[in-house]
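Chemist: Sequence lines, in order, name chains U and P.
Those letters in the first sequence? Residues 1 to 150, per the working numbering, in order.
Those letters in the second sequence? Residues 1001 to 1150, per the working numbering, in order.
In this text, a Cβ means the ideal position worked out from N, Cα and C, and glycines have one as well.
Treat the numbers as computed from the prediction; the structure is a model and nothing was measured.
2 protein chains.
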Amino acid sequence: MKRDSRLSITLHALVHMAESSRALTSEELAVQADCNPVVIRRTLAGLRKARIVVSEKGHGGGWRLLRPVDRITLGDVYDALGTPTIFAMGDRTESPGCLVEQAVNRAMRDAFGQAESLLVSQLRSVSVAEVLADARAYHRGSHKTENQHA
Amino acid sequence: MKRDSRLSITLHALVHMAESSRALTSEELAVQADCNPVVIRRTLAGLRKARIVVSEKGHGGGWRLLRPVDRITLGDVYDALGTPTIFAMGDRTESPGCLVEQAVNRAMRDAFGQAESLLVSQLRSVSVAEVLADARAYHRGSHKTENQHA
DNA sequence: TTTCATGTAACTCAGTTTGATACATGATGG
DNA sequence: CCATCATGTATCAAACTGAGTTACATGAAA
């Protein structure tokens, strides 16, 4: 199944924004994330609505963080993206008449529900700052001199 | 993303098989699960390979359980289906050159990995017998007289 | 006024599950 | 032996969704 990579793309963009003093264009972010600029704009639109980032038009325009990365959790990003579907598997019917189907749905919702709760709480417990710190730690670990990224 | 309902369909079929003394045809199972007979055969093929069910051709043929439902866990079914993709979201690149991308991947794999572990252990802890018992409990709870299903 | 960058619509492409048709295989019952 | 039933499987279409692409309007800056 094709996987939704918007969370991944967005986190990537946010970390790069955090590392930059100036606004970054969707073109630049797209190169770094290896995807299309329109995808960046489309995806970050949700973050703009959630007031996590701002965008500016014209010369020197682009995308900028609206608050420090230690106050942006992965859960915030997930929410800003519109809480996209987490699981590739699930129930089949919304209102099954069959009692067996209902029991199957209860069993699956129970298991998947718990996993979802854990995932969301995990996402809420990690900030973008920690991702950035992790990237920097690996940067120091390697022997590259400067500005490792794309 | 379209959701994979094979686990749901399969559990449904297994419970109905458990309730039946004779073999059930893919046609019958398809009616009960409200899907296509070919989908039933395709999906149950994995269970046959895992020796959870058997199928017989010809008159009186169909699908039958190969062991009691209290010895079939949802995890067994998940495995027999070929451990299909659990999450609709995920990383984007297998081997990203960008250190930021790598850090994002680590963070996501950590969160999603924990959720996956919990889900799988949940699936392993529940047997089809429990789903069946749950369905029967609701059956008694309702006032229908007999043979509630499709 | 020219250039740059976003905002967004519209369309195509790609990957996956499900639906549907078709036919070969094999078992059962007469 | 033969008709029927049911699986096994290949093949193709339908539906859905994310991503890629093109196009153009909007607005800011030089």
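Apart from the five residues on each side of it in sequence, which residues of its chain come closer than 6 Å, Cβ to Cβ, to P/Leu1014?
Modeler: So the list reads Val1128, once near-sequence residues are dropped.
Chemist: CA-CA distance, U/Ala18 and U/Met89?
Modeler: In a straight line, the C-alpha of U/Ala18 is about 35 Å away from that of U/Met89.
Chemist: Kindly indicate which residue of U/Leu24, U/Arg3, U/Thr83, U/Leu44 has the alpha-carbon position closest to the one of U/Thr10.
Modeler: Of the listed residues, the one whose Cα sits closest to U/Thr10 is U/Leu44.
Chemist: Taking one C-beta from the segment 68 to 84 of chain U and one from the segment 42 to 58 of chain U each time, how about it: are there three or more such pairs within less than 8 Å?
Modeler: Yes: at least three Cβ pairs fall under 8 Å.
Chemist: Contact between the segment 62 to 81 of chain U and the segment 22 to 29 of chain U is defined here as three or more beta-carbon pairs at a separation below 8 Å; is this criterion met?
Modeler: Because the criterion of three Cβ pairs below 8 Å is met, the segment 62 to 81 of chain U and the segment 22 to 29 of chain U touch.
Chemist: At the 7 Å Cβ level, is U/Ser5 part of the contact set with chain P, yes or no?
Modeler: Chain P contact via Cβ: present.
Chemist: Given this structure, state the Cα-to-Cα distance separating P/Gln1032 from U/Cys98, to the nearest angstrom.
Modeler: Their backbone Cα atoms lie some 8 Å apart in a straight line.
Chemist: Can you name the start and end residues of the alpha helix (DSSP H) that U/Ser151 belongs to?
Modeler: Shown here, chain U extends from 1 to 150; a query on residue 151 of chain U therefore has no answer.
Chemist: Closest by CA to U/Lys105, which one among P/Val1100, P/Gln1114, P/Glu1130?
Modeler: Correcting the residue identity first, residue 105 of chain U is Asn in this sequence and not Lys. When only C-alpha atoms are compared, the closest one is P/Glu1130.
Chemist: Can you give me the Cβ contacts of P/Ala1150 inside the same chain, cut-off strictly under 7 Å, excluding the 5 residues immediately before and after it?
Modeler: With a pLDDT of 37 at P/Ala1150, under the threshold of 50, the modelled position of that residue is not reliable, and the figure given next carries that caveat. If we look at P/Ala1150 and ignore the five residues flanking it on each side, its Cβ neighbours are Val1031, Gln1032.
Chemist: Taking the alpha carbon of U/Val77 as the reference point, which residue from U/Ser8, U/Lys2, U/His139 has its own alpha carbon closest?
Modeler: Among U/Ser8, U/Lys2, U/His139, the Cα nearest to that of U/Val77 is on U/Ser8.
Chemist: Buried or exposed, going by whether 16 or more other CB atoms sit within 10 Å of the CB of U/Val53?
Modeler: U/Val53 should be labelled buried.
Chemist: Return the chain-ordered list of same chain residues with a C-beta closer than 7 Å to the C-beta of P/Cys1035, the five sequence neighbours on each side being excluded.
Modeler: So the qualifying residues of the chain are Ile1009.
Chemist: U/Thr85 by DSSP, collapsed to three states: which one?
Modeler: Reduced to three states, the DSSP call for U/Thr85 is coil.
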